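Novice:
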Amino acid sequence: MLINRKEVQQIAVLAKLNVSKDEIDTIVTSLDSVVEMINHINEVDTDNVKPMANPMDAVQRLRADVVTETSNKEVLLSMATNADDDYFLVPTVVE
Amino acid sequence: MSNQNTTQWETVIGLEIHTQLKTKSKLFAGTNTAYGGEPNTQVSLLEAAMPGTLPVFNEKVLRYAIRFGLAVGAKVIAKESTFDRKNYFYPDSPKAYQITQLNHPIVEHGELVIQDDKGNDKTIRINRAHIEEDAGKSIHDKYTQYSAIDLNRCGTPLIEIVSEPDLSSAKEAVRYMRGIHTIVTHLGICDGNLQEGSFRCDANVSIRPVGQKELGTRTELKNINSFRFVEKAINIEIKRQIKLLESGGTVTQETRLYDADKNETRPMRSKEEANDYRYFPDPDLLPVVIDQAYIDNEKQFIPEFPAQKIIRYTQDLKLKPDDATTIAHDKELSEYFDAAVKQLGKAKPKVAANMILGEFSALLNANDAKVEDNNISPEQFAELLEALAAGTISHKIAKVVMEKIWGTDSTAAQIIDKEGLAQVSDTGELETIVKEIIKNNPSQFEAYKGGDMKMFNYFVGQVMKQTRGRANPAQVKTLLEEL
Numbered sequence: 095m096l097i098n099r100k101e102v103q104q105i106a107v108l109a110k111l112n113v114s115k116d117e118i119d120t121i122v123t124s125l126d127s128v129v130e131m132i133n134h135i136n137e138v139d140t141d142n143v144k145p146m147a148n149p150m151d152a153v154q155r156l157r158a159d160v161v162t163e164t165s166n167k168e169v170l171l172s173m174a175t176n177a178d179d180d181y182f183l184v185p186t187v188v189e
Numbered sequence: 036m037s038n039q040n041t042t043q044w045e046t047v048i049g050l051e052i053h054t055q056l057k058t059k060s061k062l063f064a065g066t067n068t069a070y071g072g073e074p075n076t077q078v079s080l081l082e083a084a085m086p087g088t089l090p091v092f093n094e095k096v097l098r099y100a101i102r103f104g105l106a107v108g109a110k111v112i113a114k115e116s117t118f119d120r121k122n123y124f125y126p127d128s129p130k131a132y133q134i135t136q137l138n139h140p141i142v143e144h145g146e147l148v149i150q151d152d153k154g155n156d157k158t159i160r161i162n163r164a165h166i167e168e169d170a171g172k173s174i175h176d177k178y179t180q181y182s183a184i185d186l187n188r189c190g191t192p193l194i195e196i197v198s199e200p201d202l203s204s205a206k207e208a209v210r211y212m213r214g215i216h217t218i219v220t221h222l223g224i225c226d227g228n229l230q231e232g233s234f235r236c237d238a239n240v241s242i243r244p245v246g247q248k249e250l251g252t253r254t255e256l257k258n259i260n261s262f263r264f265v266e267k268a269i270n271i272e273i274k275r276q277i278k279l280l281e282s283g284g285t286v287t288q289e290t291r292l293y294d295a296d297k298n299e300t301r302p303m304r305s306k307e308e309a310n311d312y313r314y315f316p317d318p319d320l321l322p323v324v325i326d327q328a329y330i331d332n333e334k335q336f337i338p339e340f341p342a343q344k345i346i347r348y349t350q351d352l353k354l355k356p357d358d359a360t361t362i363a364h365d366k367e368l369s370e371y372f373d374a375a376v377k378q379l380g381k382a383k384p385k386v387a388a389n390m391i392l393g394e395f396s397a398l399l400n401a402n403d404a405k406v407e408d409n410n411i412s413p414e415q416f417a418e419l420l421e422a423l424a425a426g427t428i429s430h431k432i433a434k435v436v437m438e439k440i441w442g443t444d445s446t447a448a449q450i451i452d453k454e455g456l457a458q459v460s461d462t463g464e465l466e467t468i469v470k471e472i473i474k475n476n477p478s479q480f481e482a483y484k485g486g487d488m489k490m491f492n493y494f495v496g497q498v499m500k501q502t503r504g505r506a507n508p509a510q511v512k513t514l515l516e517e518l
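These protein sequence lines map, in sequence, to chains A and B. My numbering applies: residue 95 is where the first sequence begins, and numbers increase by one. My numbering applies: residue 36 is where the second sequence begins, and numbers increase by one.
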């Protein structure tokens, strides 16, 4: 096995996914086959290959520093699960 | 100090400084970045993380980052830089990742010279400066059961400036932070406003026994937004770590928050979630490719920095080192000074410096005004100094004239003329006044003749009072000595 239950649980926590105990073994098996497949990439000799940041043969277009957007406040707040007149409201986040 | 513990500790500090760039629009969308807007009115669909939106890179940010690289003598200003995603969930970042530059940052390997605690020059290496986006703001004190989120700041461009762990004390850290602040404000790429969060600092702090090569376990102090707090936070954290190690404990690598009210640091995030950001290249953004000419073109925007200014002020203009330093470090003040000095004929730059740091600064404070408000233009200021140098007015009257010029278009000459403030240098007129005062104060005059030097000052004071400060002090002195 290339991936274990603990790792799957940890990834689930990081991805904010709720994985039940019943599901875990199936997920471990499925993810293990994915990792195995991806592992083949490590067999390729990449010593003289330039790292590729993007598969498209193009470079980033630049934008002038100009304000083009206007307020979307009402529509954005109306789509939120919870909001008051000014703010999005979320369960208390305490640092 | 305990006698049992003989270990000498040394401190190792590295700083990460988040510098908000002074652009009109955000990093990846044409959304207004102005501070203090009504909540959530400066949020485009991109910052709200609506599906289908794509980031488009703001060229100003690239140019500003290059200028910073040039200013710190960076060995690398990348001709090809790329963006990565740093993944984490937090309500002030709707898309659940921050776009940053992990693998190919725009700037690498710069340096900044500061003074160490003994006053010697010390080079602090800058590992990198990368472009990234700021998050929104969470407001915790508005509701008891909710945090309120304002996304106006979300997507505002930052460069994060990462130093090597070359700093050895809290004071050095502050000097380094001030040094970077000076650079970004003089470059004009950041407004440098610490209160508004435009310039914030995280400090990585560790200690090790003197002589030990390997670094101790570090803690990261987050989001310190004043020079004073940086020093206090680091010192309190050093104390905590020493106490911990000397009592047999170990330092845990963690993120800690400095609480200025309690003057303590405390852990911030749970350990297992820390440092697992699952970075990967952002597929929405292509590599940013520039050539040498593009980089060279930014050199014209690199100004004269305080260190160079200080040399010019002390050597060419003969200012006192302290005055030169004070003026040079204040961008607006030094620009004002330079503009005024350019207009001077007979008057000395040294007098201009004295006046700017003395009466002029006092006047600014009294009116709660800034240099750049231009209540007295550099030209008006220079004319005033010329009148002083020509002996038309005394130093004392110069202050009065300055107050009258404030906020008007009048020249010093016009004010002096209108208010009758020209210095009385007519010996005949002064002699009459002096004689009159002597006549009215016979006993004081006797005491003066008897050698009481306090009375000399008394008479000078009386003459000044009589002439409303317009008497030429040197002449009054000569007259009194002759009588």
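We put the CB at the ideal spot given by N, CA and C, even for glycine. All of these numbers come straight from a predicted model, not from anything done at the bench.
Going by the beta-carbon positions, is the gap between T58/B and V91/B smaller than 8 Å?
Specialist: Cβ atoms of T58/B and V91/B: not closer than 8 Å.
Novice: Could you round the C-beta distance between L399/B and M437/B to whole angstroms and report it? I think they count as a contact, below 8 Å.
Specialist: The pair is not a contact, with the Cβ atoms about 11 Å apart (cut-off 8 Å).
Novice: Could you tell me which chain A residues have their CB closer than 8 Å to the CB of S79/B, listed as they occur along the chain?
Specialist: What S79/B touches in chain A: E163, N166.
Novice: What distance in whole Å lies between the Cβ atoms of D319/B and L89/B, which are believed to be in contact at a cut-off of 8 Å?
Specialist: So it is a contact: roughly 5 Å between Cβ atoms.
Novice: Would you kindly work out how many angstroms separate the C-alpha atoms of E101/A and K405/B, rounded to a whole number?
Specialist: Each residue's alpha carbon lies about 58 Å from the other.
Novice: Going by C-alpha to C-alpha distance, which of T285/B, T66/B, A100/B sits closest to N166/A?
Specialist: For the residues T285/B, T66/B, A100/B, the minimum Cα distance to N166/A belongs to T66/B.
Novice: Closer than 7 Å between beta carbons: that is the criterion. Which residues of the segment 180-198 of chain B meet it against chain A?
Specialist: Answer in chain order: Q180, Y181, S182, A183, I184, D185.
Novice: According to DSSP, is A506/B helix, strand or coil?
Specialist: Here A506/B sits in strand by DSSP.
Novice: If the criterion is Cβ atoms closer than 8 Å, does the pair T300/B and L256/B meet it?
Specialist: Their beta carbons are under 8 Å apart, which means T300/B touches L256/B by this criterion.
Novice: Put E73/B into one of helix, strand or coil per three-state DSSP.
Specialist: Looking at E73/B - three-state DSSP - the assignment turns out to be coil, as it is neither helix nor strand.
Novice: Would you mind reading off the limits of the alpha helix (DSSP H) that contains A387/B?
Specialist: Segment 384-390, the alpha helix (DSSP H) holding A387/B.
Novice: Identify, in the order they occur along the chain, each residue of the same chain with its Cβ nearer than 8 Å to the Cβ of M36/B, setting aside the five sequence neighbours on each side.
Specialist: Low confidence applies to M36/B: its pLDDT is 46, below 50, so where it sits in the model is not reliable, and the reading given next is rough at best. Around M36/B: no qualifying Cβ.
Novice: Quick check on the DSSP output: the beta strand (DSSP E) that includes T46/B runs from which residue to which?
Specialist: Counting along the chain, the beta strand (DSSP E) containing T46/B begins and ends at 44-55.
Novice: Between the C-alpha atoms of L170/A and S369/B, what's the straight-line distance to the nearest angstrom?
Specialist: One C-alpha to the other measures close to 46 Å.
Novice: Kindly indicate which three-state DSSP category Y314/B falls into: helix, strand or coil?
Specialist: DSSP places Y314/B in coil when its eight states are reduced to three.
Novice: What does the Cβ neighbour count give for L250/B, buried or exposed, with the cut at 16 atoms within 10 Å?
Specialist: Exposed, because fewer than 16 other Cβ atoms sit within 10 Å of the Cβ of L250/B.
Novice: Taking Cβ-Cβ distances below 7 Å as the criterion, which residues of the segment 57-69 of chain B are in contact with chain A?
Specialist: Listed by position, the residues of the segment 57-69 of chain B near chain A (Cβ gap below 7 Å) are T58, K59, S60, A64, G65, T66, N67.
Novice: Taking A205/B as the reference, which of Q180/B, A131/B, N187/B, C236/B has the closest Cα?
Specialist: Nearest option by C-alpha distance: C236/B.
Novice: Could you check what DSSP says for E249/B in three-state terms: helix, strand or coil?
Specialist: In the structure shown, E249/B sits in coil (DSSP, three-state: anything other than H, G, I, E or B).
Novice: Along the chain, where does the beta strand (DSSP E) that runs through K172/B open and close?
Specialist: Per DSSP, K172/B belongs to the beta strand (DSSP E) from 172-174.
Novice: Could you compute how far the alpha carbon of E168/A sits from the alpha carbon of M390/B?
Specialist: Near 53 Å, if we compare the C-alpha coordinates of M390/B and E168/A.
Novice: From the DSSP output, read off the bridge partner residues of H165/B.
Specialist: Its beta-bridge partners are E195/B.
Novice: Taking R155/A as the query, report the chain B residues whose CB atoms sit under 9 Å from its CB, ordered along the chain.
Specialist: Those within 9 Å of R155/A in chain B are V91, F92, L321.
Novice: Under 8 Å by Cβ, that's how I've got A382/B and L420/B pegged, so tell me the actual separation to the nearest angstrom.
Specialist: About 4 Å; that satisfies the 8 Å criterion.
Novice: Report back the beta-carbon spacing between V47/B and P200/B to the nearest angstrom; my notes put them in contact at under 8 Å.
Specialist: Rounded, the Cβ-Cβ distance is 5 Å, consistent with contact.
Novice: If you draw a straight line from the C-alpha of N507/B to the C-alpha of A448/B, how long is it?
Specialist: If you take the alpha carbons of N507/B and A448/B, they lie about 18 Å apart.
Novice: At the 8 Å Cβ level, is L229/B part of the contact set with chain A, yes or no?
Specialist: No, L229/B lies away from the interface with chain A (no Cβ there is under 8 Å from its Cβ).
Novice: For the putative contact between G145/B and G108/B, defined by C-beta atoms under 8 Å, what is the C-beta separation to the nearest angstrom?
Specialist: Right, their Cβ atoms sit about 6 Å apart.
Novice: Considering only the beta carbon of each residue, do I472/B and F494/B sit closer than 8 Å?
Specialist: Yes, the pair counts as a contact, with Cβ atoms nearer than the cut-off.
Novice: For chain A, check one thing: does any of its Cβ atoms lie closer than 8 Å to the Cβ of K306/B?
Specialist: Since pLDDT at K306/B reaches only 47, below the 50 mark, its modelled position is unreliable, and no value is offered.
Novice: Determine, using beta carbons only, whether F124/B comes closer than 8 Å to chain E.
Specialist: The chain labelled as chain E is not found among the protein chains of the depicted structure, namely A and B.
Novice: Contact between the segment 336-343 of chain B and the segment 214-225 of chain B: three or more CB pairs below 8 Å?
Specialist: Because the criterion of three Cβ pairs below 8 Å is met, the segment 336-343 of chain B and the segment 214-225 of chain B touch.
Novice: Report yes if the C-beta distance between T314/B and Y123/B is below 8 Å; otherwise report no.
Specialist: Before going further, note that residue 314/B is Tyr rather than Thr in the sequence given. In this structure, Y123/B does not lie closer than 8 Å to Y314/B by Cβ.
Novice: State the Cα-Cα distance for the pair Y181/A and R347/B, rounded to the nearest angstrom.
Specialist: Y181/A and R347/B: Cα-Cα distance of roughly 52 Å.
Novice: Would you verify that the beta carbon of T186/A is, or is not, closer than 8 Å to some beta carbon of chain B?
Specialist: True, the Cβ-Cβ gap to chain B drops below 8 Å.
Novice: Indicate whether the contact test is met: 3 or more Cβ pairs, each with one atom in the segment 118-134 of chain A and one in the segment 130-143 of chain B, closer than 8 Å.
Specialist: No: fewer than three Cβ pairs fall under 8 Å.
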